[in-house]
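J.: Have a look at this one.
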Amino acid sequence: MIEYKVLSRKYRPKKLKEVIGQDFSVRTLTNAFAKEKLAHAFLFTGIRGVGKTTIARIIAMGLNCETENKPTANPCGICSNCKAILQDRYEDVLEIDAASNTGVDDVREIISSLKYRPSKGSYKVFIIDEVHMLSNSAFNALLKTIEEPPSFIKFIFCTTEMQKIPITIVSRCQKYNLNRVTFAALCNYLENIVELEKLDISKEAIRVIARNSEGSVRDSLTILDQCILSFNNENIDVESVNQTLGLTSQSFLLDLYINIVNGDIINANKVLLNIYKNGGAPKQIIDDLLNVTYSLISSIAAKKNMEIYEKEKFEKIIDKCDIPFLNQVWHMLLRGKDEINKVSHQIEALEILIIRLAYSSQLPTLETVVKKLKEDNNDELSLNVKDKNIGNDIKKILDAFPEGKILKN
Ligand SMILES: [Zn+2]
Numbered sequence: 132m133i134e135y136k137v138l139s140r141k142y143r144p145k146k147l148k149e150v151i152g153q154d155f156s157v158r159t160l161t162n163a164f165a166k167e168k169l170a171h172a173f174l175f176t177g178i179r180g181v182g183k184t185t186i187a188r189i190i191a192m193g194l195n196c197e198t199e200n201k202p203t204a205n206p207c208g209i210c211s212n213c214k215a216i217l218q219d220r221y222e223d224v225l226e227i228d229a230a231s232n233t234g235v236d237d238v239r240e241i242i243s244s245l246k247y248r249p250s251k252g253s254y255k256v257f258i259i260d261e262v263h264m265l266s267n268s269a270f271n272a273l274l275k276t277i278e279e280p281p282s283f284i285k286f287i288f289c290t291t292e293m294q295k296i297p298i299t300i301v302s303r304c305q306k307y308n309l310n311r312v313t314f315a316a317l318c319n320y321l322e323n324i325v326e327l328e329k330l331d332i333s334k335e336a337i338r339v340i341a342r343n344s345e346g347s348v349r350d351s352l353t354i355l356d357q358c359i360l361s362f363n364n365e366n367i368d369v370e371s372v373n374q375t376l377g378l379t380s381q382s383f384l385l386d387l388y389i390n391i392v393n394g395d396i397i398n399a400n401k402v403l404l405n406i407y408k409n410g411g412a413p414k415q416i417i418d419d420l421l422n423v424t425y426s427l428i429s430s431i432a433a434k435k436n437m438e439i440y441e442k443e444k445f446e447k448i449i450d451k452c453d454i455p456f457l458n459q460v461w462h463m464l465l466r467g468k469d470e471i472n473k474v475s476h477q478i479e480a481l482e483i484l485i486i487r488l489a490y491s492s493q494l495p496t497l498e499t500v501v502k503k504l505k506e507d508n509n510d511e512l513s514l515n516v517k518d519k520n521i522g523n524d525i526k527k528i529l530d531a532f533p534e535g536k537i538l539k540n
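Quick note: the sequence shown uses this note's numbering, first residue 132, plus one each step.
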């Protein structure tokens, strides 16, 4: 049997030029290599799975690659040093997870090993992952060393929480802030892998994966892996991805939304109960509705094309709403998310929320009421709110919005 290698390992970049979505950092680092202006210490920050330790390992390889006689940004990956580093068995490249080695003793151990020259290549490289987890005394012990390390030592720090690292450390490092990888770059990347792996997966499904990875390459590959395992690489579509991620079936979700915007309370609740029966958790359903609402707003406001949704149904909803209404839905959903925690039967709270949403879709929004009043009065509104004789138009607005309150300036 062939061993299944997870995609994030299989496609881990081995050269700086293979790293995706970090053009600025990659360019700066490549220049630093070319001009031989490499710092003693590097600091990489960014969310999970954007390439921090990947780049750290490439630097470690680039410093020790035997193919060129000087450090290179694009190590060969096949010489014995490169190979050993890739396989985690190169004794001069030490990767430490600060989350489990937080103490000053761990750091002292590193420091005491610094006096020995590298046994094989040109540099000893210490990669400290999640470096923000180190204790204060550990940072202090480290500080003295990174001020003036021996020339054959390089430190590479990686962190998701830059603000927790003492400024004294930060100021002694060459800093690289890794971005979330853009949606477009992730889609491109995944499409490439799909082709190389000959995967049977639709473009829309790839978009759903990219969207749910929130800019993390590793997350996107992990989701793709999971889909392949769950569906045996057979016809993976949007619904397969939704199922893998525990998201609400998109088709049902849009049906629910259509019934809400049509004010069809009975059918909205029928669809809701169907989603619930299929295993949808009330909180997740609210999150998914928030997602659709976000997409509708961006689609209208920024004229963005939301290609991850079934076109026909999505457009049916857009025809029926405007931004003020969607804004109202957004706030009602957020409030509903809070309320749901206060009841023992979450689905009942969600049913009420759906009824409220469907009901409110049939009411005019504040903007339309004000617009109508302005038209009726030639733009002259009676808006007195200072004394007991509140303006007529304010009264009309309050009639339309019984829950409305006059806030004092
Ligand atoms: Zn090499």
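C-beta: ideal position from N, C-alpha, C; glycine also.
1) Quick one: residues with CB closer than 7 Å to any heavy atom of ligand 3, in chain order, please.
2) Short of 6 Å in beta carbon distance, which residues of its chain neighbour Lys-148, apart from the five on each side in sequence? Order them along the chain.
3) Could you tell me the alpha carbon to alpha carbon distance between Ser-243 and Ile-471, rounded to whole angstroms?
4) DSSP three-state label for Gln-294, please.
5) Alpha carbon to alpha carbon, how far is Glu-345 from Arg-140?
6) Under a Cβ-count criterion, where at least 16 other Cβ atoms within 10 Å of its own Cβ denotes burial, should Lys-145 be classed as buried or exposed?
7) From Gln-218 to Val-157, what does the alpha carbon distance come to, in whole angstroms?
8) Measure the Cβ-Cβ separation of Met-293 and Thr-176 and say whether it is below 9 Å.
9) Please classify Val-474: is it buried, with 16 or more other beta-carbons within 10 angstroms of its beta-carbon, or exposed?
10) On the three-pair Cβ rule with 8 Å, is the segment 192–206 touching the segment 252–263?
11) Tell me, to the nearest whole angstrom, how far the beta carbon of Ile-287 is from that of Phe-173; I am working on the premise that it is less than 8 Å.
12) Could you pull the start and end residues of the beta strand (DSSP E) that Gln-305 belongs to?
13) Residue range of the alpha helix (DSSP H) that Leu-427 falls in?
14) Pull up the CB-CB distance for Ile-485 and Ala-399, whole angstroms please, since I reckon it's below 8 Å.
15) For Ile-190 versus Leu-160, is the C-beta spacing smaller than 9 Å?
16) I'd like the span of the alpha helix (DSSP H) that includes Phe-155, first residue to last.
17) Throw me the rounded Cβ distance for the Ala-341 and Leu-317 pair, which I believe falls under 8 Å.
18) To the nearest angstrom, how far is the alpha carbon of Leu-465 from that of Gln-459?
19) Which runs of the alpha helix (DSSP H) spanning at least 4 residues fall entirely within the segment 450–512, listed in chain order?
20) Provide the residue(s) that pair with Thr-176 in DSSP beta bridges, ordered along the chain.
21) Which residue or residues does DSSP assign as beta-bridge partners of Asp-228?
22) Based on the DSSP secondary-structure assignment, which residues constitute the bridge partners of Ile-284?
23) Below 8 Å on the Cβ atoms is my guess for Val-423 versus Leu-384; work out the distance and round it to an integer in Å.
24) Within the same chain, show all residues whose beta-carbon is closer than 6 Å to that of Leu-169, passing over the 5 residues directly before and after it, in chain order.
25) Could you check how far apart the C-beta atoms of Ser-380 and Asn-409 are, in whole angstroms? I think they sit under 8 Å.
26) Out of curiosity, what's the CA-to-CA distance linking Asn-343 and Thr-375?
27) Tell me, please, whether the segment 289–305 touches the segment 319–326 by the rule of three or more beta-carbon pairs shorter than 8 Å.
28) Could you pull the start and end residues of the alpha helix (DSSP H) that Tyr-142 belongs to?
29) In the DSSP assignment, what are the bridge partners of Ile-332?
30) Quick check on Ile-397: buried or exposed, where buried means 16 or more other Cβ atoms within 10 Å of its Cβ?
31) Give me the Cβ distance between Ala-367 and Ile-332, rounded to the nearest whole Å; I'm assuming they're in contact under 8 Å.
32) Taking Cβ positions, are Leu-427 and Ile-416 nearer each other than 9 Å?
33) When the Cα of Ile-284 is compared with those of Leu-274, Pro-249, Asn-267, which residue comes out closest?
34) When the distance is taken between beta carbons, is Glu-441 closer than 9 Å to Ser-382?
35) Only counting the same chain, and skipping five residues up and downstream in sequence, which positions put a Cβ closer than 8 Å to that of Glu-167?
T.: This is what the structure holds:
1) With respect to ligand 3, the structure shown offers nothing to examine, as its ligands consist of ligand 1.
2) For the purposes of this step, residue 148 is identified with residue 17 of the sequence shown, where counting begins at 1. Result list for Lys-148: Asn-205, in chain order.
3) For the purposes of this step, residue 243 is taken as the residue at position 112 of the sequence shown. For the purposes of this step, residue 471 is taken as the residue at position 340 of the sequence shown. About 55 Å.
4) As a working mapping, residue 294 is identified with position 163 in the sequence shown. Here Gln-294 sits in helix by DSSP.
5) As a first step, residue 345 is located in the sequence shown; it is residue number 214 there, counting from the start. As a first step, residue 140 is located in the sequence shown; it is residue number 9 there, counting from the start. Rounded to whole angstroms, the gap between the alpha carbons of Glu-345 and Arg-140 is 20 Å.
6) In the sequence shown, counting from the first residue as 1, residue 145 sits at position 14. Looking at its Cβ environment, which holds 16 or more other Cβ atoms inside 10 Å, Lys-145 is buried.
7) What you label residue 218 is simply residue 87 of the sequence shown in a count that begins at 1. What you label residue 157 is simply residue 26 of the sequence shown in a count that begins at 1. Approximately 23 Å between the Cα atoms of the pair.
8) Against the sequence shown, residue 293 aligns to sequence position 162. Against the sequence shown, residue 176 aligns to sequence position 45. Yes; because the gap between Cβ atoms is below 9 Å, this pair is in contact.
9) Translated into positions along the sequence shown, residue 474 becomes position 343. Per the 10 Å Cβ criterion, exposed.
10) yes
11) Taking the sequence shown and counting its residues from 1, the one referred to as residue 287 is at position 156. Taking the sequence shown and counting its residues from 1, the one referred to as residue 173 is at position 42. Their Cβ separation, rounded to whole angstroms, is 5 Å, which keeps Ile-287 and Phe-173 in contact under 8 Å.
12) Counted from its first residue, the sequence shown places residue 305 at position 174. Where Gln-305 is concerned, the enclosing beta strand (DSSP E) stretches over 305–308.
13) Within the sequence shown, the letter at position 296 stands for residue 427. Per DSSP, Leu-427 belongs to the alpha helix (DSSP H) from 413–432.
14) In the sequence shown, the residue the question calls residue 485 occupies position 354. In the sequence shown, the residue the question calls residue 399 occupies position 268. Correct: roughly 5 Å between the Cβ atoms.
15) In the sequence shown, the residue the question calls residue 190 occupies position 59. In the sequence shown, the residue the question calls residue 160 occupies position 29. The answer is yes: Cβ separation under 9 Å.
16) The count along the sequence shown starts at 1 and reaches residue 155 at position 24. Looking at the DSSP string, the run of the alpha helix (DSSP H) that includes Phe-155 is 154–165.
17) The residue labelled residue 341 in the question sits at position 210 within the sequence shown. The residue labelled residue 317 in the question sits at position 186 within the sequence shown. Right, the Cβ-Cβ distance comes to about 4 Å (below 8 Å), so this counts as a contact.
18) Here the question's residue 465 lines up with position 334 in the sequence shown. Here the question's residue 459 lines up with position 328 in the sequence shown. In a straight line, the C-alpha of Leu-465 is about 10 Å away from that of Gln-459.
19) 454–470, 477–492, 497–507
20) Indexing the sequence shown from 1 puts residue 176 at position 45. Beta-bridge pairing links Thr-176 to Thr-290, Asn-308.
21) To locate residue 228, count along the sequence shown from 1; it is residue 97. Answer is Asp-260, bridged to Asp-228.
22) Numbered from its first residue, the sequence shown carries residue 284 at position 153. Its beta-bridge partners are Lys-255.
23) As a working mapping, residue 423 is identified with position 292 in the sequence shown. As a working mapping, residue 384 is identified with position 253 in the sequence shown. Yes, Val-423 and Leu-384 are in contact; Cβ-Cβ is about 6 Å, under 8 Å.
24) Stepping through the sequence shown from its first residue, residue 169 is reached at position 38. Excluding sequence neighbours, Leu-169 sits near Ala-163.
25) Numbered from its first residue, the sequence shown carries residue 380 at position 249. Numbered from its first residue, the sequence shown carries residue 409 at position 278. The pair is a contact, with the Cβ atoms about 7 Å apart (cut-off 8 Å).
26) Mapped onto the sequence shown, residue 343 falls at position 212. Mapped onto the sequence shown, residue 375 falls at position 244. Their Cα atoms are separated by approximately 11 Å.
27) no
28) Locating residue 142 in the sequence shown gives position 11, counting from the first residue. No alpha helix (DSSP H) contains Tyr-142, which DSSP labels as neither H nor E.
29) In the sequence shown, residue 332 corresponds to position 201, counting from 1. Looking at the DSSP assignment, Ile-332 forms a beta bridge with Ile-367.
30) Counted from its first residue, the sequence shown places residue 397 at position 266. Looking at its Cβ environment, which holds fewer than 16 other Cβ atoms inside 10 Å, Ile-397 is exposed.
31) Along the sequence shown, one-based indexing puts residue 367 at 236. Along the sequence shown, one-based indexing puts residue 332 at 201. Residue identity check: residue 367 is Ile in the sequence provided, not Ala. Sure, about 4 Å apart at Cβ, within 8 Å.
32) Taking the first residue of the sequence shown as position 1, residue 427 is located at position 296. Taking the first residue of the sequence shown as position 1, residue 416 is located at position 285. It is not a contact, given that the beta carbons lie outside the stated cut-off.
33) Locating residue 284 in the sequence shown gives position 153, where the first residue counts as 1. Ile-284 has its Cα closest to that of Pro-249, out of Leu-274, Pro-249, Asn-267.
34) By one-based count along the sequence shown, residue 382 stands at place 251. By one-based count along the sequence shown, residue 441 stands at place 310. For Ser-382 and Glu-441, yes; Cβs fall inside 9 Å.
35) By 1-based counting over the sequence shown, the position of residue 167 is 36. Around Glu-167: Lys-201, Pro-202.
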